[in-house]
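Here is the structure we will look at.
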Amino acid sequence: MLILRWSVISTSSTITFNESLPVSFASHITAGIVQCQASNADGTAIAHSKIFKHQQRKMMSLQILHPPDTIYQGDSIIVQCSADRHIFTNSFTFRTEDEQRSIAVHDVPDAEHSFNWVANFTISNVTITGDYGVECEAMHHNGTLSSQRLSLKIVRPYLTVRERLIRVVARRDPEPLLLSCNAAGRPMPQYRWYRNGELLPNTNFMLVVTSSVQDEYACYTWNRAGEEWIRWDIVHREEADEHANEQKAIGGSPAGRRASVSYSLDVRATGLHFVPGTLGLRRRRREDVLPWA
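Convert by adding 1 to the 1-based position in the sequence shown; the result is the number in our numbering.
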């Protein structure tokens with residue numbers, strides 16, 4: 002509730018009078034203009050008064066504009082500092098862990114309805130992780146300084162998978178199998194599934210398939226930290242038992258030991274990866290890598 006007062010002086014009759022008017026503002030109204038009209042036998046006079054309403058509870062504030070949620074290493078951050086222009090000058094100083102910059106504001110957005118000087122500050126390509134401090138300092142018209150500070154949490158992106166080559170033993174009769182692309186990461190990984198080198202639409206991190214030794218499945222997963230391929234080798238129980246017996250028969254020979262070591266190769270360590278449409282692993286080529294950005 003505001004009380005507005007006008008004083009009107011008539012020079013011809015030297016009569017002065019005051020008029021008061023209570024004005025109520027709804028919560029969504031930020032400003033307004035009130036008009037007072039006075040009339041007598043000599044004519045009519047009109048006076049205007051602008052009414053402002055504060056847009057912030059504090060005389061000074063500091064907030065983050067971008068990104069709107071989690072901040073990752075490598076992001077660019079935009080913060081905004083606001084200060085009451087009737088109390089503060091138009092000069093701001095921003096400080097971070099490794100930078101200091103002064104900004105002078107000359108224009109007030111929506112000056113008819115705003116109390117504030119507003120300055121935006123961009124921090125490009127944040128390289129550290131953990132706690133990250135941002136401070137804004139402004140000067141009062143009387144020369145004293147006030148400041149506001151934000152403590153931001155910077156997260157390191159990552160992507161890990163438990164296995165890159167998974168052997169699944171199924172019965173000879175066709176049966177449904179649940180394949181899970183076990184990747185963990187931040188931001189949340191995205192997934193693409195391939196069968197015999199062909200992209201399967203509308204899939205997520207799990208896939209239900211019917212077992213077939215003639216089909217090969219692969220999951221391609223990625224986020225901003227990198228990319229990974231996971232391949233499934235589906236064999237029937239009889240073939241698995243036969244393979245195990247063969248391994249026992251030749252297990253003592255050097256060739257058998259080499260075969261065993263070759264089967265458990267670490268894909269990341271050797272630089273090999275699965276390419277859809279092939280039955281094995283081979284050296285990575287540029288044209289094999291699908292775009293993920």
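Backbone N, C-alpha and C fix where the C-beta goes; we use that ideal spot for every residue, glycine too.
None of the values given here were measured: they were computed from a predicted structure.
query: Residues near residue 207 by beta carbon distance below 8 Å, same chain, minus five either side; result: 179, 180, 181 and 182
query: Selected residue, minimal CA-CA separation from residue 211, among 66, 236, 188 and 72; result: 236
query: Outcome for residue 186 when other beta-carbon atoms lying within 10 angstroms are tallied against a minimum of 16; result: buried
query: Bridge partners - residue 147, DSSP secondary structure assignment; result: 139
query: Assumed close pair residue 79, residue 153 - CB separation to whole angstroms, cut-off 8 Å; result: That belief does not hold up - the Cβ atoms of residue 79 and residue 153 are roughly 12 Å apart, past 8 Å.
query: Same chain only: Cβ atoms within 6 Å of residue 66, ignoring 5 sequence neighbours per side; result: 79 and 81
query: Buried versus exposed, by CB contacts within 10 Å (16 or more), residue 1; result: Summary: the structure shown does not reach residue 1, with the chain confined to residues 2 through 294, and so no result is reported for it.
query: Inter-residue Cα distance where the pair is residue 226 and residue 107; result: 41 Å
query: Rounded C-alpha distance that separates residue 188 from residue 234; result: 29 Å
query: Three-way DSSP call (helix, strand, coil) for residue 190 in this model; result: coil
query: Beta-carbon spacing of residue 101, residue 94 below 9 Å; result: yes
query: Beta strand (DSSP E) runs contained entirely in the segment 53-134, provided each spans 3 or more residues; result: 61-67, 78-85, 89-96, 101-105 and 117-124
query: Burial state of residue 68, where buried means 16 or more other Cβ atoms lie within 10 Å; result: exposed
query: Within 9 Å, strictly: CB atoms of residue 192 and residue 218; result: no
query: With 16 other Cβ atoms within 10 Å as the buried cut-off, status of residue 364; result: The requested residue 364 is not part of the displayed model; the chain covers only 2 to 294.
query: Contacts around residue 297, its chain only, beta-carbon distance under 7 Å, and the 5 residues preceding and following it disregarded; result: Outside the shown range of the chain (2 to 294) lies residue 297, about which nothing can therefore be said.
query: Between the CA atoms of residue 127 and residue 134 - distance to the nearest angstrom; result: 12 Å
query: Chain-order list of residues whose beta-carbon lies under 7 Å from that of residue 263 (same chain, five-residue window excluded); result: Residue confidence for residue 263 is low, a pLDDT of 34 falling below 50, so the modelled location carries little weight; the figure read from the coordinates is stated next. If we look at residue 263 and ignore the five residues flanking it on each side, it has no Cβ neighbours.
query: 9 Å Cβ cutoff met for residue 88 and residue 142; result: yes
query: Boundaries (first-last residue) of the beta strand (DSSP E) holding residue 220; result: 218-224
query: Euclidean distance between Cα positions of residue 202 and residue 215; result: 20 Å
query: Own chain, CB closer than 8 Å to residue 45, minus 5 neighbours either side, in chain order; result: 38 and 39
query: Same chain, Cβ closer than 8 Å to residue 146, neighbours up to 5 away in sequence not counted; result: 138, 139 and 140
query: Close beta carbons around residue 144, own chain, < 8 Å, minus the five adjacent residues each side; result: none
query: Own chain residues within Cβ distance below 6 Å of residue 120, not counting five before or after; result: 82, 93, 104 and 106
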